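Asker:
There are 2 protein chains.
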Amino acid sequence: MAVSKRSAPERVGGFKHGRVPRAVREQQLLELAERLFIESGYGAFSIEDLCREAGVSRPIIYDHFGSRDGLYLACLRRVRAEFENTLINAARDAPDAEAAIRQGADAFFTIIERDPRRWSLVYGGLSELGGTLADQIYELRTDTIDRISAITTRFAPHADREAVTAHAHAVSGAGEQMGRWWLHNPDIPRERIVDHFCTFARMSFLQLPMAEPDLTAGSVPAS
Amino acid sequence: MAVSKRSAPERVGGFKHGRVPRAVREQQLLELAERLFIESGYGAFSIEDLCREAGVSRPIIYDHFGSRDGLYLACLRRVRAEFENTLINAARDAPDAEAAIRQGADAFFTIIERDPRRWSLVYGGLSELGGTLADQIYELRTDTIDRISAITTRFAPHADREAVTAHAHAVSGAGEQMGRWWLHNPDIPRERIVDHFCTFARMSFLQLPMAEPDLTAGSVPAS
DNA sequence: TCCGTTGGGTTACGCGCAGTAGGTTACGTA
DNA sequence: TACGTAACCTACTGCGCGTAACCCAACGGA
Numbered sequence: 006m007a008v009s010k011r012s013a014p015e016r017v018g019g020f021k022h023g024r025v026p027r028a029v030r031e032q033q034l035l036e037l038a039e040r041l042f043i044e045s046g047y048g049a050f051s052i053e054d055l056c057r058e059a060g061v062s063r064p065i066i067y068d069h070f071g072s073r074d075g076l077y078l079a080c081l082r083r084v085r086a087e088f089e090n091t092l093i094n095a096a097r098d099a100p101d102a103e104a105a106i107r108q109g110a111d112a113f114f115t116i117i118e119r120d121p122r123r124w125s126l127v128y129g130g131l132s133e134l135g136g137t138l139a140d141q142i143y144e145l146r147t148d149t150i151d152r153i154s155a156i157t158t159r160f161a162p163h164a165d166r167e168a169v170t171a172h173a174h175a176v177s178g179a180g181e182q183m184g185r186w187w188l189h190n191p192d193i194p195r196e197r198i199v200d201h202f203c204t205f206a207r208m209s210f211l212q213l214p215m216a217e218p219d220l221t222a223g224s225v226p227a228s
Numbered sequence: 006m007a008v009s010k011r012s013a014p015e016r017v018g019g020f021k022h023g024r025v026p027r028a029v030r031e032q033q034l035l036e037l038a039e040r041l042f043i044e045s046g047y048g049a050f051s052i053e054d055l056c057r058e059a060g061v062s063r064p065i066i067y068d069h070f071g072s073r074d075g076l077y078l079a080c081l082r083r084v085r086a087e088f089e090n091t092l093i094n095a096a097r098d099a100p101d102a103e104a105a106i107r108q109g110a111d112a113f114f115t116i117i118e119r120d121p122r123r124w125s126l127v128y129g130g131l132s133e134l135g136g137t138l139a140d141q142i143y144e145l146r147t148d149t150i151d152r153i154s155a156i157t158t159r160f161a162p163h164a165d166r167e168a169v170t171a172h173a174h175a176v177s178g179a180g181e182q183m184g185r186w187w188l189h190n191p192d193i194p195r196e197r198i199v200d201h202f203c204t205f206a207r208m209s210f211l212q213l214p215m216a217e218p219d220l221t222a223g224s225v226p227a228s
């Protein structure tokens, strides 16, 4: 360590000296930055760290991405584009709506399964803050969602519990996003937004599956 | 300005000197911090600013809230609790599920309408970053959502356009939240998550209202 | 062969904010 | 009136940010 005087150029990607063509450096930096953003979250991410790991001085970053936020956005765009493509491709060539939904959903959750932390960076919306904070905010969200579940259960006492929970999460997420959407489209009157939302929430509520009767109750427990 | 030497104690809330009982100070700080968090976003928020405006030195903050994140969470909790109560109260005493959903939704969007920026702080999930960044991230989200809309339109060409857009936002939001939920409950197999999600997305898709036939087409435009 | 130019890179500085250690002053109470 | 404690402050250390100013290898004419 202690790279002091350019003594050992530690060739990056097969280029002599520390010097590397613009495009290559850019990719290398993006790769690294993405990792660091994922590990530390937007807040704790430090440009200095990035530079240390990349073996490059700070002005380079500003030269390439303009600002910290520029760098962040560049990372987001890259990952997001990648995800979006696999997602859309999965749904595009479906024969009917039913299949489009299913294939899209499957692709979406496969992405999450494959690389959860990477997904959190862009879609999760949480990794913008440090790990602990993100968790505590999730808890807050969950509190509300639990209360939604409770109310739902009152009206559908025999529904499958997991389905109710899932439904509550979906409703909550849908509400939030529709809220954000509305803020960007304030001309739409409230009643109409509420209508849209209700269509959404009501129908899925009506479809909640019943819990399976508990066949194991009172039976001999398997040894 | 230039409050230099405690010369003018500028009584806070009717207390002589700068000295104020713990609980009162806490409320005062929360109030102020909330405003600043809303104005600057989590990232740009500076404890120094808060102190300047509150006429108090930095250690006070740490004494009360432990850390920057502690302060942030305290703000979130306060607002969130308030919102959650009005929301839940609205839905709680509904006669049936239909009414519960409608009343809940109405309460929810009324909250947004009344105080959009405050809502963004907690539920928006965007104000954690500065204004510009948040907007650009919203754009990214919107790109994806537009593509969802496009696919939906292909399968339901005569559906009302706004409803399709709303549906896309809802589906996207629901997906994100279900993703987060899944990350915290990794034991659930993917197929089941996909099922839950599909129930949700499919039913609301089937309910998409048709666009009104365009009665003005070819008619004399109203002067 | 020399020389300007350009592209990739660096050092160094000033600033502001975060936390913390240790001190100070007002207030309640015996 | 003397003491403990609650409220508050000054001052220090340290770090990361963003920028200005400079450096130097390579390349392509003339």
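Residue numbers (this note's numbering), protein chains in the order written: chain A, 6 to 228; chain B, 6 to 228. Ideal Cβ positions, reconstructed from N, Cα and C, are used throughout, including at glycine. Remember, it's a predicted structure, so these values are computed and weren't measured experimentally.
Does A:L76 pass the burial test, meaning 16 or more other C-beta atoms within 10 Å, or should it be called exposed?
Answerer: Indexing the first sequence from 1 puts residue 76 of chain A at position 71. Burial call: buried.
Asker: Kindly indicate which residue of B:R73, B:E53, B:L35 has the alpha-carbon position closest to the one of A:G48.
Answerer: If you number the first sequence from 1, residue 48 of chain A lands on position 43. The option with the nearest alpha carbon to A:G48 is B:R73.
Asker: Identify the contact partners of B:T204 in chain A, using a Cβ-Cβ distance below 7 Å as the criterion.
Answerer: Start at 1 with the first residue of the second sequence, and residue 204 of chain B comes out as number 199. Chain-order list of chain A residues neighbouring B:T204: S209, Q212, by C-beta distance under 7 Å.
Asker: Among residues of its own chain, excluding the 5 on either side of A:V176, which ones have a beta-carbon nearer than 6 Å to its beta-carbon?
Answerer: As a first step, residue 176 of chain A is located in the first sequence; it is residue number 171 there, counting from the start. Cβ within range, chain order: A206.
Asker: Closest by CA to A:V169, which one among A:A179, A:A155, A:G178?
Answerer: Here residue 169 of chain A is taken as the residue at index 164 of the first sequence, counted from 1. It is A:A155.
Asker: When the Cα atoms are used, what is the spatial distance from B:I153 to B:G71?
Answerer: Position 148 of the second sequence holds residue 153 of chain B. Position 66 of the second sequence holds residue 71 of chain B. Computed Cα separation, rounded: 44 Å.
Asker: Would you kindly work out how many angstroms separate the C-alpha atoms of A:E188 and A:G60, rounded to a whole number?
Answerer: For the purposes of this step, residue 188 of chain A is identified with residue 183 of the first sequence, where counting begins at 1. For the purposes of this step, residue 60 of chain A is identified with residue 55 of the first sequence, where counting begins at 1. In the sequence as presented, Glu is not what sits at residue 188 of chain A; that position holds Leu. So the two alpha carbons sit approximately 43 Å from each other.
Asker: Can you tell which of A:A161, A:R63, A:I43, A:I66 has the C-alpha that lies nearest to the C-alpha of A:P121?
Answerer: Position 116 of the first sequence, counting from 1, holds the residue named residue 121 of chain A. Comparing Cα positions, the closest option is A:I43.
Asker: Whose Cβ in chain A lies nearer than 9 Å to the Cβ of B:L78?
Answerer: On the second sequence, position 73 is the one that residue 78 of chain B refers to. Near B:L78 (Cβ distances below 9 Å), the residues of chain A are L138, Q141, I142, L145.
Asker: Could you say which of B:L34, B:R197, B:W186, B:V25 lies nearest to A:D151 if we only look at CA atoms?
Answerer: Position 146 of the first sequence, counted from the start, is the residue given in the question as residue 151 of chain A. Ranking B:L34, B:R197, B:W186, B:V25 by Cα distance to A:D151 puts B:W186 first.
Asker: Give me, in chain order, the residues of the same chain whose beta-carbon lies closer than 8 Å to that of A:E39; leave out the 5 immediate sequence neighbours on both sides.
Answerer: One-based indexing of the first sequence puts residue 39 of chain A at position 34. So the list reads C80, R83, V84, R123, L126, once near-sequence residues are dropped.
Asker: Using DSSP's beta-bridge definition, name the partner residues of B:A164.
Answerer: In the second sequence, counting from the first residue as 1, residue 164 of chain B sits at position 159. Its beta-bridge partners are B:M215.
Asker: Under 8 Å between C-beta atoms, does A:S228 make it to chain B?
Answerer: For this step, residue 228 of chain A is matched to residue 223 along the first sequence. At A:S228, the pLDDT of 44 sits below 50, so the modelled position is not reliable; the number obtained from the coordinates is stated separately. For A:S228, the answer is no, since every Cβ of chain B falls outside 8 Å of its Cβ.
Asker: Pair every Cβ in the segment 96-113 of chain A with every Cβ in the segment 197-213 of chain B, then say whether three or more of these pairs are closer than 8 Å.
Answerer: Put simply, the segment 96-113 of chain A touches the segment 197-213 of chain B. At least three CB pairs are less than 8 Å apart.
Asker: Helix or strand or just coil, what does DSSP make of B:A99?
Answerer: Walking along the second sequence from the start, residue 99 of chain B turns up at place 94. Of the three classes helix, strand and coil, the one that applies to B:A99 here is coil, per DSSP.
Asker: Output yes if chain B places a C-beta closer than 8 Å to the C-beta of A:E217; else output no.
Answerer: The residue given as residue 217 of chain A occupies position 212 in the first sequence. At a cut-off of 8 Å between C-beta atoms, A:E217 does not count as an interface residue with respect to chain B.
Asker: Our contact map puts B:D54 next to B:L35 with C-beta atoms below 8 Å; I'd like the distance itself, whole angstroms only.
Answerer: Counting from one through the second sequence, the residue named residue 54 of chain B turns up at place 49. Counting from one through the second sequence, the residue named residue 35 of chain B turns up at place 30. With a Cβ gap of about 15 Å, B:D54 and B:L35 do not count as contacting.
Asker: To the nearest angstrom, how far is it from the Cα of B:I65 to the Cα of A:M215?
Answerer: The residue given as residue 65 of chain B occupies position 60 in the second sequence. The residue given as residue 215 of chain A occupies position 210 in the first sequence. Each residue's Cα considered, the two are about 54 Å apart.
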